[in-house]
Amino acid sequence: MEVSNELLNNWQEMPGFSLATWKGYEGPECYQLEPASGNKPATWCLILDHYTKGAGYKPFTTSDLSTGKFEAAEGFSFPFKFRHGSILPITADEYQRLTKKWAPLPALESTSPHVKALNSVSTPDSVMLPVKHGTDLHAFDPMFKPIPGYSLSPSGPQDFSKQAVNYVLSSADGSPQRTVRVSVEVRNNPIVEGYYADPDIIYSRKNRKFYLYPTTDGYKEWAGTTFKAFSSANLVDWKDEGVILDLKSDVSWGKANAWAPCIMEIQDSKSLSGYRYYYYFTAAKKIGVAVADDPAGPFRDSGRPVISSRPSGINGGQQIDPAVFRDPQSGKYFLYWGNAYLAVAELAEDMLSIKEDTIKIMTPDKTFREGCTVFFRDGRYYILWSENDTRSEDYRVRYAYSTSPTGPLEIPQNNIVIAKDTKAGIYGTGHNSVIQVPGKDEWYIVYHRFVYPKGISMGWDAGYHREVCIDRLEFNSDGSIKEVLPSHAGISPVSLAP
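Per this note's numbering, the sequence shown starts with residue 93, numbered consecutively.
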């Protein structure tokens, strides 16, 4: 590094600095970061390309150039991997003129707690804000985040009940830069905010509420380690009940890959609550069970897996995705499981183990991938499963009938239950459960999809960013399932008998 008071003459090398001592760095650029102020000296910034790590420029600072000693600028990094450039200071006026000419105008971002932020849809000229059930569209304030250098009008609550509202984004000098058409819709799907998948659902007779048990998603390779529960009185408004099981602290035999739980409520006179809850879950690609006296926990792991190896004769696949079912005709309890195969076994009386001699393979056909669920209606057993990889936009649900909970299976010619809807931008619809409103022939399918709207543009990563939805499940007069069209609107609140 050399310094001079003249641009063309008298350059002198600074003995305290040598790039040779900075191993793995190249492309130095030095500039004044902050001018001197009062007794405070100027701050100088040196940026170096950390090329051996592929990290791009890293900043280092000093307040005394003569020493040649720079310290890493803690807590600061460039937003992109900039390499080999130059720094040019400009005035505030120049900045305004440059951004007006070349910079894209910032997007409008709502901060309203009523908005489902993950599901907002924005283009340069329009914004669609999906809001929660119960939001008043007649006087709704999007609470757009302030944008430095710009003003936005109108402000405050607006009437979105009949049509969109035009917002004008203006620059600091008051000149309008863009008109943005903002629409607001009540969308009940997804039913809980955030990344969740593989939902199971029950109606708790003890608490007279519905409970949802999903995989906690949002982790590469599905690396989550905690399970949560949610509760609702109407299948639309859900309360987060918090973490009910943590593999790291609560499970000794499996510390990773907390996937695809299911649960069974049983009346038990030995329980203080009168009920017992058996929560089957996947950990480290094995299946375990935890027990509680309340559907929201706390749950206590049994201490060992229920399923830890492949059934006899099965050479591939994984021991995951349990589904528990009570046969209303025999009163027996069954556990289903498997990826690339479907197995079933009767549960022992303690619900903590299976009767090994009852294991049966009942893989429907080559479309079976995983995510089995079973329910009973009008004398028929319905066995549903997911087809394709969960990271595929074509992840979808099929079904078969049976006169027994263990088969044989009758597969209808057209057996799609739910699949993607490209017009609605809904993809990856699968791994479902089914819930019946108590005392009614009213059924709903609970499933996950790629996060909307960004999921379809995420490639394979969409399979780690999923969200849970509910839609109506209906039947034809012959008992066959009507194909479900996945929706953003979701369902209306259900009512329970007194």
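Glycine residues also receive a C-beta, built at the ideal position from the N, C-alpha and C atoms.
Quick one: residues in its chain with C-beta nearer than 7 Å to the C-beta of residue i, no 5 flanking neighbours on either side, listed in chain order?
i              : result
arginine 541   : Ile518, Tyr519, Gly520, Thr521, Arg558, Glu559, Cys561 and Pro578
isoleucine 451 : Pro403, Ala435 and Ala437
leucine 364    : Asp385
valine 257     : Gln250 and Val274
isoleucine 239 : Pro198
proline 420    : Phe468
serine 253     : Leu229 and His230
leucine 261    : Leu197, Tyr242, Leu244, Gln269, Arg270 and Val272
alanine 440    : Ile446 and Lys447
proline 127    : Ala134
Which one of the options has the shortest CA to CA distance from residue i?
i              : options                           : result
isoleucine 508 : Glu118, Lys515, Thr144 and Tyr487 : Tyr487
arginine 418   : Tyr428, Asn280, Tyr536 and Lys224 : Tyr428
alanine 589    : Ser263, Lys192, Trp552 and Glu534 : Glu534
histidine 225  : Thr514, His206, Val526 and Glu448 : His206
glycine 547    : Lys331, Phe152 and Asn211         : Asn211
threonine 154  : Met443, Ala147, Ser263 and Ala165 : Ala165
methionine 220 : Gly582, Ser202, Leu261 and Ser344 : Ser202
lysine 115     : Ser484, Lys145 and Ile573         : Lys145
serine 445     : Pro414, Cys464, Lys458 and Thr459 : Pro414
glycine 551    : Lys312, Lys192 and Thr215         : Lys312
serine 344     : Ala376, Ser361, Ile527 and Asn568 : Ala376
isoleucine 293 : Asp265, Phe236 and Ala388         : Ala388
glutamine 410  : Asp393, Phe460 and Ser394         : Phe460
Could you name the residues of the same chain whose beta carbon sits closer than 8 Å to that of residue i, not counting the 5 residues immediately before and after it, in chain order?
i              : result
glycine 310    : Gly286, Tyr287, Gly316, Tyr556 and His557
aspartate 217  : Arg270, Thr271, Val272 and Arg273
tryptophan 103 : Glu94, Val95 and Ser96
tryptophan 330 : Ile283, Val284, Leu304, Phe322, Ser323 and Ser324
proline 151    : Cys137, Leu138, Ile139, Ala164, Ala165, Phe168, Ser169 and Phe170
Count the other C-beta atoms from every protein chain shown that fall within 10 angstroms of the C-beta of residue i, then say buried if there are 16 or more, exposed otherwise.
i              : result
aspartate 290  : buried
asparagine 407 : exposed
glutamine 124  : exposed
alanine 352    : buried
tyrosine 369   : buried
aspartate 570  : exposed
leucine 200    : buried
asparagine 506 : exposed
tyrosine 544   : buried
tyrosine 491   : buried
proline 234    : buried
asparagine 131 : exposed
alanine 511    : buried
asparagine 431 : buried
glutamate 479  : buried
leucine 100    : exposed
serine 525     : buried
alanine 581    : exposed
leucine 111    : exposed
glycine 106    : The residue you asked about is not glycine; residue 106 is methionine in the sequence shown. Label assigned to methionine 106: exposed.
Excluding the 5 residues flanking residue i on each side, which residues of the same chain have their C-beta closer than 6 Å to its C-beta?
i              : result
glycine 499    : Met454
glutamate 118  : Asp141 and Tyr143
leucine 157    : Trp136
proline 530    : Tyr295
asparagine 593 : Nothing can be reported for residue 593: it is not among the residues displayed for the chain, which extend from 93 to 590.
threonine 482  : Gly555
proline 497    : Asp419, Phe426 and Tyr473
tyrosine 149   : Ile139, Asp141, Phe170 and Phe174
alanine 348    : Ala376
asparagine 280 : His225, Val328 and Gly582
valine 416     : Cys354, Met356, Tyr372 and Leu427
The alpha helix (DSSP H) spanning residue i covers which residue range?
i           : result
lysine 192  : 184-194
leucine 339 : 339-342
Within the continuous beta strand (DSSP E) that includes residue i, where are the two ends?
i              : result
serine 247     : Per DSSP, serine 247 belongs to no beta strand (DSSP E) and is neither H nor E.
proline 282    : Careful: proline 282 lies outside any beta strand (DSSP E) and carries neither H nor E.
aspartate 141  : 135-141
threonine 521  : No beta strand (DSSP E) holds threonine 521; DSSP gives it neither H nor E.
aspartate 600  : No information on residue 600 is available, as it lies outside the stretch 93 to 590 that the chain covers here.
leucine 327    : Element bounds for leucine 327: n/a, residue is neither H nor E.
tryptophan 535 : 535-542
glycine 547    : No beta strand (DSSP E) contains glycine 547, which DSSP labels as neither H nor E.
valine 466     : 462-469
leucine 99     : From DSSP, leucine 99 is part of no beta strand (DSSP E); its letter is neither H nor E.
proline 306    : 301-308
tyrosine 123   : 118-126
methionine 356 : 351-359
My understanding is that residue i touches residue j, with C-beta atoms under 8 Å, so please give their C-beta distance in whole angstroms.
i              : j                 : result
isoleucine 358 : tyrosine 367      : 7 Å
aspartate 332  : lysine 320        : 7 Å
tryptophan 477 : proline 456       : 6 Å
isoleucine 573 : tyrosine 536      : Isoleucine 573 to tyrosine 536, Cβ: 13 Å. No contact.
threonine 183  : glycine 108       : About 33 Å separates the two Cβ atoms, so there is no contact after all.
lysine 378     : isoleucine 399    : 6 Å
valine 383     : phenylalanine 373 : About 12 Å; that fails the 8 Å criterion.
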